[in-house]
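To start, the structure under review is shown below, and the notes come after it.
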Amino acid sequence: MNEEFMSRLHSFIKEQINLAKDMDISYANYIIAQSLLVKDARKISEPDKKYLQKFFDLTPKAPKPQKPIFQIKDKQAPDNKQKQPTFSSAFDLDNNEPSQKSLKNQLTDAATDLENQKLQQPKLQPPQSQDPPQSNKYIAQLLADNIIQDTSNFTLNSISGMQSTKLLLQTSILLPLLRPSLFLNKNPYKKIFMHSLPGCGKSFITKCIAGEAKIPLISVTSSMIFSKWQGASEKMISAVFQLAKQQGRCILFLDEIDAFCTTRSEQDSESSRRVKNELLLQLDQLEASDVIVIAATNLPFQVDTAVRRRFEKRIYIDLPDAEARRDVLRKGMEKLKIENSEILNQCVELTPNYSMADLKNVVKDCENLPLQRLISCEFFAKIDGKWAPAARSEGVKMSILTSLEQFADPKSTPADMLESVTKTRSSVTLADQKLHVKFSSEFGSG
């Protein structure tokens with residue numbers, strides 16, 4: 001084959017490829033080489049023509065891209081639609097008439113026109129994706145919608161009994177908030193650590209403090225902190241504290257702090273370490289703000305020592321005393337319209353190791369006992385237009401489930417209250433009590 005021709009073919013293809021950067025390279029080689037055959041067809045000998053013809057027949061053709069190789073403006077088209085420039089047929093070797101305009105000039109004009117179009121078209125901006133879950137802005141908005149609680153209906157008087165605990169809370173938290181002038185030359189507590197047995201009212205007490213001081217309450221649990229996104233948990237903690245600082249004077253309540261600040265060990269994951277370090281950092285930077293942090297836990301010994309040390313005041317919320325139990329049970333009996341002071345005294349004496357949650361369960365069980373009797377009863381008699389349980393000899397056999405609206409509302413009795421106390425057991429164990437007493441004696445400050 002003519003070496004001069006092959007050299008010219010190689011250099012010309014390379015030149016045209018540089019002009020056609022936006023097209024598929026394999027397709028560019030193919031189309032330009034074929035077009036070059038047409039241009040120089042008269043200068044190629046017949047053996048060379050057959051050789052090249054065979055070469056292109058055997059070469060696998062790349063799929064033509066959906067996007068045109070070049071686009072030029074059609075000045076005659078009224079709708080200004082783009083159309084593809086036409087080139088001479090690649091394999092019309094019998095008709096060896098070359099194009100009126102050289103292939104090089106056609107390609108050069110098309111490339112120039114393409115560049116002009118690019119300059120005229122506005123640059124496309126990348127699509128704006130939604131903020132990922134680890135974005136501080138996204139997290140702050142999520143927290144603002146879900147964790148700022150309404151405490152307008154809560155006051156310190158809402159807490160039953162527990163006078164010594166309320167006095168401690170007033171001097172430690174409420175007084176600096178309500179009378180800041182008394183603490184001009186003092187350093188009031190800003191980080192309080194509450195521990196107690198389950199159901200003793202740590203969350204409720206915190207709501208009452210916020211309601212009494214009339215400041216926002218931001219309540220955070222461990223489920224809000226942890227995330228499946230890498231690095232999102234520590235960013236969540238940072239966003240929580242940032243949100244609290246934006247509120248100004250407020251209470252940030254970290255419930256179940258033992259769930260995300262357990263004692264460090266070799267088995268800790270890298271994510272767990274980062275969460276603890278971020279919390280320590282945020283607690284250290286809290287002094288310049290008006291935020292009060294209250295952390296609560298049922299397992300004080302499992303909280304990391306470095307985290308626990310950051311809290312200046314550590315308060316043990318003990319089981320309700322006799323006065324508190326009397327108040328809770330009295331309110332429950334009033335709701336059920338039970339008036340019997342003797343039964344109330346007996347219930348108070350029978351519940352020495354009951355938590356607040358246990359006492360509420362006693363009242364709830366007393367409320368359900370009349371319903372159990374109503375469902376199990378078979379004979380009913382009409383009283384004031386409504387069916388009520390009656391003796392077999394005085395009533396009519398019927399099922400309560402057939403027409404419930406025809407039956408009178410069952411009422412609780414003093415006997416129901418006493419029965420409920422004897423049936424509902426305390427959820428507190430003596431071992432748990434000793435554990436909290438031990439922690440309070442070793443690390444408590446109030």
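Be aware that the sequence shown starts at 1, since it is given in full-length UniProt numbering, and climbs by one per residue. Glycine residues also receive a C-beta, built at the ideal position from the N, C-alpha and C atoms.
Annotated three-state conformation of A322 is helix, per DSSP. The Cβ-Cβ distance between A295 and F311 falls below 8 angstroms.
M224 carries a helical assignment under DSSP once its states are collapsed to helix, strand and coil.
When only Cα atoms are considered, Y354 and Q372 end up about 25 angstroms apart. Under the three-state reduction of DSSP, M162 is assigned to coil, being neither helix nor strand. Inclusion of S233 and S265 in the CB contact set at 8 angstroms is not warranted, their separation being larger than that value. Shortest Cα-Cα distance from S219 to any of K191, A244, D384 and D365 involves A244. 8 angstroms or more divides the Cβ of L329 from the Cβ of L350. The Cβ neighbour count for R325, taken over all protein chains shown within 10 Å, is at least 16; the residue is labelled buried. DSSP places S196 in the uninterrupted beta strand (DSSP E) bounded by K191 to S196.
The count of Cβ pairs closer than 8 angstroms, one atom from the region 418-428 and one from the region 277-291, stays below three, leaving the stretches out of contact.
When Cβ pairs closer than 8 angstroms are counted between the two stretches, the region 193-205 is seen to touch the region 426-446, the count reaching three or more. In the structure shown, F379 adopts extended strand secondary structure according to DSSP, grouped into three states. Within 10 angstroms of the beta-carbon of D258 lie 16 or more other beta-carbons, which makes it buried. Where T305 is concerned, the enclosing alpha helix (DSSP H) starts and stops at T305 to R309. Apart from the 5 residues on each side of it in sequence, T221 sits with its Cβ closer than 7 angstroms to the Cβ of D255 and E256 in its chain, given in chain order. Counting along the chain, T297 sits inside the beta strand (DSSP E) bounded by residues V291 to T297. The beta carbon of I215 lies closer than 7 angstroms to those of L177, R249, C250 and I251 in the same chain, with the five residues before and after it left out.
In this structure, I317 sits away from I173, with a CB-CB distance that is not shorter than 8 angstroms.
Ranking S238, T305, P414 and I209 by CA distance to the CA of K335 puts P414 first. Close CB contacts of K337 within its chain, under the 8 angstroms cut and outside five residues either way in sequence, are with K411 and S412 (chain order). In the structure shown, C208 adopts helical secondary structure according to DSSP, grouped into three states.
By DSSP's assignment, F253 forms a beta bridge with S219 and I294. DSSP places R314 in the uninterrupted beta strand (DSSP E) bounded by K313 to I317. Where K423 is concerned, the enclosing alpha helix (DSSP H) starts and stops at P414 to K423. When the five nearest sequence neighbours on each side are left out, the beta carbons in the same chain lying within less than 8 angstroms of the beta carbon of Q170 are those of L156, in order along the chain. DSSP lists L217 as the beta-bridge partner residues of Q149. Listed in chain order, the alpha helix (DSSP H) elements of length 4 or more contained wholly in the region 328-378 are 341-349 and 356-376.
Per the coordinates, the alpha-carbon of P188 lies some 15 angstroms from the alpha-carbon of I315. Per the DSSP secondary-structure output, A388 pairs in a beta bridge with A381.
8 angstroms or more divides the Cβ of Q302 from the Cβ of I237. Nearest C-alpha to K331 among L359, R308 and D304: L359. Close CB contacts of T151 within its chain, under the 7 angstroms cut and outside five residues either way in sequence, are with K207, A210, G211 and L217 (chain order). Minimum Cα-Cα distance from I292 among the listed residues L175, M162, L418 and L369 corresponds to L175. Residue burial annotation: G231 is exposed, with fewer than 16 other C-beta atoms found within 10 angstroms of its C-beta.
Close CB contacts of N185 within its chain, under the 7 angstroms cut and outside five residues either way in sequence, are absent.
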